[in-house]
Amino acid sequence: MKYSEQGIIITRFSYSETSVMLKVFTKEHGLKSFLFQGAKKKKGVVLLPLSPIEFTCYQRDESHLAKMTDATLFYTFETIPFNPIKSTVIFFKVDILANILHEGVIDVNLFDFILNELHWLDNNSTLANYPIYWLLELSKYIGFYPLVKNEKTPFFDLENGEFLGSHPNTFSYKSGIEVELLASLVSMNKIEMINAPIPKEYRKRILQILLSYYHYHIPNFNEINSIEVIENIWE
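And the structure:
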């Protein structure tokens, strides 16, 4: 079967001197693996992480692996490739998405969210709290956005995803000023959250709390290799 559709590249690996293996989060079929033979020889084909592409592929009914025959960008980044901070955010997103996307799971709303946020990142420069915002917002699409259940929120119950005013009945919780700051962010809109004045040491702690939260709720969630680089942009 031959078909064309849109997708967002998640990972790319060399397969041979001329070919690559791609994992692409597609709009209509979810995450899929592709062999793109001769990709390295094709002029003008940009296959970078989170590149939005339109492509044509061929797949046999009995085969798990599809073969991509051509690909073009349907959105060209204007600033991300030339901005080291934005490029770092891209690799952070890839690390997270590689943990949460699974082959065969179709989610058009998640696809649209990822694409819309790529547009936003390409066109905006206020990024201090953006990784925190993105992790929080992403949790909505995968089903565990945290709830604030009390005006005073010194505790965050990781198991139940709730900010609480008293000690939770679980060993899986976080507490401290960073928890209260995180709870305050949950009730903000995007612009308020991204521009909230948070000291850099608390940004780091909040990000670590959110990653612990993801570890708790996503089976086999791997360590995020780009976390130290993300933290360095706050130095």
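Take the sequence shown: its position 175, counted from the start at 1, is 194 in the numbering used here, and no numbers get skipped.
All C-beta atoms, glycine included, are put in the ideal place defined by N, C-alpha and C.
query, result
"By the three-class DSSP mapping on this structure, what secondary structure does Q227 have?", "helix"
"Could you check where the beta strand (DSSP E) with A90 kicks off and where it finishes?", "A85 to L92"
"Across which residues does DSSP place E122 in a beta bridge pair?", "L50"
"If contacts are defined as beta-carbon pairs under 8 Å, then A117 and I27 qualify, I think. What distance do you get, rounded to the angstrom?", "Incorrect: roughly 12 Å between the Cβ atoms, too far for contact."
"In the DSSP assignment, find the beta strand (DSSP E) that holds L41 and state where it starts and stops.", "V39 to T45"
"Output needed for S52: all residues of its chain with C-beta closer than 6 Å, excluding positions within five of it in sequence on either side, in chain order.", "K42 and L84"
"Figure out for me which residue from K219, I104, I99 and I72 has the closest Cα to the Cα of T91.", "I72"
"At the level of alpha carbons, what is the spacing between A215 and N148?", "7 Å"
"Using a 10 Å radius around the Cβ and a threshold of 16 neighbouring Cβ atoms, would you call Y152 buried or exposed?", "buried"
"Under a three-way DSSP split, which group does R222 fall into?", "helix"
"Would you tell me roughly how many angstroms separate the C-alpha atoms of F74 and F55, rounded to the nearest one?", "10 Å"
"Whole-angstrom Cβ separation of Y145 and S245, contact assumed at under 8 Å?", "One point to set straight first is that residue 145 is Thr, not Tyr, in the sequence displayed. In fact, because the Cβ distance is near 20 Å, the residues do not count as touching under 8 Å."
"Would you check if there are 3 or more beta carbon pairs closer than 8 Å linking the stretch 202-214 to the stretch 170-182?", "yes"
"Taking the beta carbon of T98 as the centre, do at least 16 other beta carbons fall within 10 Å, making it buried, or is it exposed?", "exposed"
"Return helix, strand or coil for P238, following the three-state DSSP convention.", "coil"
"With a 10 Å radius around its C-beta and 16 neighbouring C-beta atoms as the bar for buried, classify G49 as buried or exposed.", "buried"
"Between the alpha carbons of E168 and F240, how many angstroms are there, rounded?", "Checking the displayed sequence, the identity of residue 168 turns out to be Lys instead of Glu. Roughly 27 Å separates the two Cα atoms."
"Taking the alpha carbon of F93 as the point to measure from, which residue in K112, R79, S70 and D114 has its own alpha carbon closest?", "S70"
"Compute the Euclidean distance between the alpha carbons of D126 and P150, then round it to the nearest angstrom.", "22 Å"
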